[in-house]
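**Student:**
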Amino acid sequence: IARHAMDLTSADNSAIFLPDPGGQTYRAIVAIGNMAEALQSAEIKAGAGIIGNLLLSGRAEFVNDTGSDSRAIQLAGTLKQEHERLMVAPLMAGKVVKGAMAVWRTGGQPFDASGLEFLVGLSLQATVAIENARLFAESQQRATELATINTVSQQLGSNLELASLIE
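The sequence shown finishes on residue 160 if you use our numbering, and the numbering steps up by one all the way, no holes.
1) Do residue 41 and residue 17 have their beta-carbon atoms positioned less than 7 angstroms apart in this structure?
2) Alpha carbon to alpha carbon, what distance is there between residue 132 and residue 52?
3) Short check: CB of residue 35 to CB of residue 68, under 7 angstroms?
4) Assuming residue 95 and residue 81 form a contact by the criterion Cβ under 8 angstroms, report the distance between their Cβ atoms to the nearest whole angstrom.
5) Would residue 70 and residue 31 be called neighbours here (beta carbons separated by less than 7 angstroms)?
6) In terms of alpha-carbon separation, which member of 141, 15, 27, 78 lies closest to residue 105?
7) Where residue 56 and residue 43 are concerned, what is the direct C-alpha to C-alpha distance, given to the nearest angstrom?
8) Measuring CB to CB, does residue 91 end up less than 7 angstroms from residue 120?
9) Would you report the Cα separation of residue 3 and residue 15, rounded to the nearest angstrom?
10) Less than 8 angstroms between the CB atoms is what I'm expecting for residue 46 and residue 29, so what's the real figure, rounded?
11) Can you give the beta carbon distance from residue 115 to residue 83, rounded, assuming they're within the 8 angstroms contact cut?
12) Buried or exposed for residue 98, please, with buried defined as at least 16 other CB atoms from any protein chain shown within 10 angstroms of its CB.
13) Which term fits residue 139, buried or exposed, when burial requires 16 or more other beta carbons within 10 angstroms of its beta carbon?
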């Protein structure tokens, strides 16, 4: 989804951010483009910078000149670029922000409302995929736990000798 977002919006970079435990900071679970390494190392604080501000508000937005936006902060490991454009769409599950999808490009055509609407559509697909993966992992964990309980129950039923039971 991140690659399609980058390709279809003619962006240079794309990333999907999910929360760390506690939900106050976010990290890129995937980043593509020439800033990928810096994006994956970056920590986005809720409410700080353009992305952090949009994560906190749950709004989608495009900024066609990040250098002139008062919310902008420079991500560690990235260079300040003239005519840097950013578009961010939150990953929403109902009214709850689960993360964000962001695309960047330097120069070229400015982002517009139709591009933002498209990115929001992709972010909905990403949210569904991430939630499905989370639910699948939880069900696998539960199945493993139930298998362990079943094994212990079988051993309890068949062994009445204390030493064997403890083992």
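Every residue, glycine too, gets a C-beta built ideally from N, C-alpha and C.
**Tutor:** Based on what the coordinates show:
1) By 1-based counting over the sequence shown, the position of residue 17 is 24. By 1-based counting over the sequence shown, the position of residue 41 is 48. No; because the gap between Cβ atoms is not below 7 angstroms, this pair is not in contact.
2) For the purposes of this step, residue 52 is taken as residue 59 along the sequence shown, with counting starting at 1. For the purposes of this step, residue 132 is taken as residue 139 along the sequence shown, with counting starting at 1. The alpha-carbon atoms of residue 52 and residue 132 are separated by roughly 31 angstroms.
3) Working through the sequence shown from its first residue, we reach residue 35 at position 42. Working through the sequence shown from its first residue, we reach residue 68 at position 75. Yes, the Cβ-Cβ distance between residue 35 and residue 68 is below 7 angstroms.
4) Here residue 95 is taken as the residue at index 102 of the sequence shown, counted from 1. Here residue 81 is taken as the residue at index 88 of the sequence shown, counted from 1. So it is a contact: roughly 5 angstroms between Cβ atoms.
5) Mapped onto the sequence shown, residue 70 falls at position 77. Mapped onto the sequence shown, residue 31 falls at position 38. A contact, by the Cβ cut-off of 7 angstroms.
6) On the sequence shown, residue 105 is found 112 positions in, with the first residue counted as 1. Measuring from the Cα of residue 105, the nearest candidate turns out to be 78.
7) Taking the first residue of the sequence shown as 1, we reach residue 56 at position 63. Taking the first residue of the sequence shown as 1, we reach residue 43 at position 50. Distance between the alpha carbons of residue 56 and residue 43 is about 9 angstroms.
8) Within the sequence shown, residue 91 is the residue found at index 98, counting from 1. Within the sequence shown, residue 120 is the residue found at index 127, counting from 1. Result yes, Cβ atoms of residue 91 and residue 120 sit closer than 7 angstroms.
9) Start at 1 with the first residue of the sequence shown, and residue 3 comes out as number 10. Start at 1 with the first residue of the sequence shown, and residue 15 comes out as number 22. Near 34 angstroms, if we compare the C-alpha coordinates of residue 15 and residue 3.
10) Here the question's residue 46 lines up with position 53 in the sequence shown. Here the question's residue 29 lines up with position 36 in the sequence shown. Their Cβ separation, rounded to whole angstroms, is 23 angstroms, which puts residue 46 and residue 29 out of contact at 8 angstroms.
11) Within the sequence shown, numbered from 1, the residue matching residue 115 stands at position 122. Within the sequence shown, numbered from 1, the residue matching residue 83 stands at position 90. Not confirmed; about 12 angstroms, so no contact.
12) What you label residue 98 is simply residue 105 of the sequence shown in a count that begins at 1. The residue is buried, with at least 16 neighbouring Cβ atoms inside 10 Å.
13) For this step, residue 139 is matched to residue 146 along the sequence shown. Flag for residue 139 reads exposed.
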